[in-house]
Amino acid sequence: MSDDIAKVAILAIPVILYGKDSIAIKCLNTLLLSGAIYLFLVGGRLFREKAKGEK
27 MSDDIAKVAI LAIPVILYGK DSIAIKCLNT LLLSGAIYLF LVGGRLFREK
77 AKGEK
């Protein structure tokens with residue numbers, strides 16, 4: 027599920043970049059979203075590894 031959230035967040039980046047906000051806000055939002063994408067991808071990997079180890 028974490029991977030799905032990250033994929034949707036990746037698709038949201040062009041929406042942020044083509045928005046009507048200022049360049050500073052676009053950069054901040056893109057940076058924050060990139061951090062969230064990274065955390066969700068790492069979290070998904072950790073969950074998969076933990077689930078594999080318990081079987």
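Remember, this note's numbering sits 26 above the position in the sequence shown when you count from 1.
We put the CB at the ideal spot given by N, CA and C, even for glycine.
(1) Give me the Cα-Cα distance between residue 33 and residue 39, rounded to the nearest whole angstrom.
(2) Just reading off the alpha helix (DSSP H) that residue 47 is part of, what are its end residues?
(3) Rounding to the nearest angstrom, what Cα-Cα distance links residue 57 and residue 27 in this structure?
(4) CB-CB under 7 Å to residue 37, same chain, minus the five flanking residues each way: which ones, in chain order?
On the basis of the coordinates in this document:
(1) When rounded, the distance between both Cα atoms is 10 Å.
(2) Taken as a continuous stretch (DSSP letters only), residue 47 belongs to no alpha helix (DSSP H), as it is neither H nor E.
(3) Their backbone Cα atoms lie some 22 Å apart in a straight line.
(4) Take residue 37, set aside five residues on each side of it, and no residue of its chain has a beta-carbon closer than 7 Å to its own.
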